[in-house]
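>
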Amino acid sequence: STFRESRWFTRDWTLQELIGPASVDFFSKEGRWLGDKKSLEQQVHEITGIAVEAFQGIRPLSQFSVDARMSWAENRNTARKEDKAYCLLGIFGIYMPLIYGEKDYAFTRLREEI
1 STFRESRWFT RDWTLQELIG PASVDFFSKE GRWLGDKKSL EQQVHEITGI AVEAFQGIRP
61 LSQFSVDARM SWAENRNTAR KEDKAYCLLG IFGIYMPLIY GEKDYAFTRL REEI
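Quick note on numbering: the sequence shown equals residues 1 to 114 in this note's numbering.
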């Protein structure tokens with residue numbers, strides 16, 4: 001379906017937009033309401049690989065392994081290499097300065113913080 005093929009599910013910063021809020025509504029590009037993250041939870045899980053318990057806030061993110069949380073960003077596209085690491089900061093509850101231009105070194109810094 002068009003819902004499954006949406007670029008929204010592969011963009012870097014939408015990872016936090018999906019997990020953070022208690023409620024997320026999904027709309028078609030024509031503005032038609034498709035559902036929310038509760039009514040579409042199985043589809044969202046299948047598309048993203050993110051555990052329902054994580055994006056529904058049923059289990060704290062800290063209870064998911066580092067590898068599991070890292071995998072949530074694997075298939076996401078970023079404009080800058082460092083954004084793939086930066087979009088995970090909130091998922092790990094980490095603060096580190098954003099240094100645009102550092103490219104892959106951002107992941108090294110993220111791993112050190114974890």
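Ideal Cβ placement from N, Cα and C applies to all residues, glycine included.
1) By how many angstroms is the C-alpha of E5 removed from the C-alpha of D83?
2) Is there at least one Cβ from chain C nearer than 8 angstroms to G57's Cβ?
3) Counting only the same chain and skipping the five closest in sequence on each side, list residues whose C-beta sits under 7 angstroms from that of G31.
4) Assess contact between the stretch 11-27 and the stretch 55-68, defined as three or more Cβ pairs (one per stretch) separated by less than 8 angstroms. Is contact present?
5) Identify the continuous beta strand (DSSP E) that holds F27 and give its terminal residues.
6) Assess, as a yes-or-no matter, whether the stretch 5-15 is touched by the stretch 72-80 under the definition of 3 or more beta carbon pairs within less than 8 angstroms.
7) Report buried or exposed for I99, applying the criterion of at least 16 other Cβ atoms within 10 angstroms of its Cβ.
8) Can you name the start and end residues of the alpha helix (DSSP H) that G90 belongs to?
9) Taking all protein chains shown into account, decide if I125 is buried (16 or more other Cβ within 10 angstroms of its Cβ) or exposed.
Straight from the coordinates:
1) 22 angstroms
2) Although the question refers to chain C, the structure presented lacks it and comprises just one protein chain.
3) none
4) yes
5) 25-27
6) yes
7) exposed
8) Start and end: 89-92.
9) Not covered by the structure: residue 125. The range shown for the chain is 1 to 114.
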